[in-house]
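Okay, so the sequence shown: first residue is 18 according to the numbering used here, each after it adds one. The block underneath contains the structure these notes are about, expressed in structure tokens.
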Amino acid sequence: MSSGLLRCQFDSYLKELTTKVLRCNVLSSNRRKEFKSKIPKEASHEVELEDSVLFCEGGGQPSDKGKINTTDVLYVGRDSNGSVLVSSWFNKNKKV
18 MSSGLLRCQF DSYLKELTTK VLRCNVLSSN RRKEFKSKIP KEASHEVELE DSVLFCEGGG
78 QPSDKGKINT TDVLYVGRDS NGSVLVSSWF NKNKKV
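This is the structure in structure tokens:
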């Protein structure tokens, strides 16, 4: 997701949308440290999407939880590149 406004910021009641996977990587221990261990231990991958209806953590609020297709999204955080959804594996450029 880009660092600009996301769909969830325009319509906080929106429950689903179709978007594209921009990046999907195995979650490294260094990336876990960047998020200060807020990422659940069972999370195995980080997935960057073109857009999202899930809010990132921030302002003292926990991140949203949800699903990408049938896969659980365990944490939503924002890094210097944009929002990163942590869950399971998805192929790049796949519509989800």
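By construction, the Cβ of each residue, glycine as well, lies at the ideal position given by its N, Cα and C atoms. All figures in this text were calculated on a predicted structure; none of them were measured in a lab.
Could you give the residue range of the beta strand (DSSP E) that holds residue 63?
-> 62-66
Rounded Cβ spacing between residue 30 and residue 55 (contact assumed at less than 8 Å) = About 26 Å; that fails the 8 Å criterion.
Using DSSP with H/G/I as helix, E/B as strand and the rest coil, what is residue 50?
-> helix
Determine the extent of the alpha helix (DSSP H) in which residue 41 is found, giving its start and end residues.
-> No alpha helix (DSSP H) holds residue 41; the beta strand (DSSP E) holding it covers 38-43.
Output the distance between the C-alpha atoms of residue 96 and residue 104, rounded to the nearest integer angstrom.
-> 16 Å
Answer yes or no: do residue 69 and residue 35 have a C-beta to C-beta separation smaller than 8 Å?
-> no
Can you tell me the Cβ-Cβ gap for residue 64 and residue 22, rounded? I've got them flagged as a contact below 8 Å.
-> Their Cβ separation, rounded to whole angstroms, is 19 Å, which puts residue 64 and residue 22 out of contact at 8 Å.
is_contact[residue 109, chain B] using C-beta, thresh 8 Å | You won't find chain B in this structure, because it holds only one protein chain.
With burial defined as no fewer than 16 other Cβ atoms inside 10 Å of the residue's Cβ, what is the status of residue 80: buried or exposed?
-> buried
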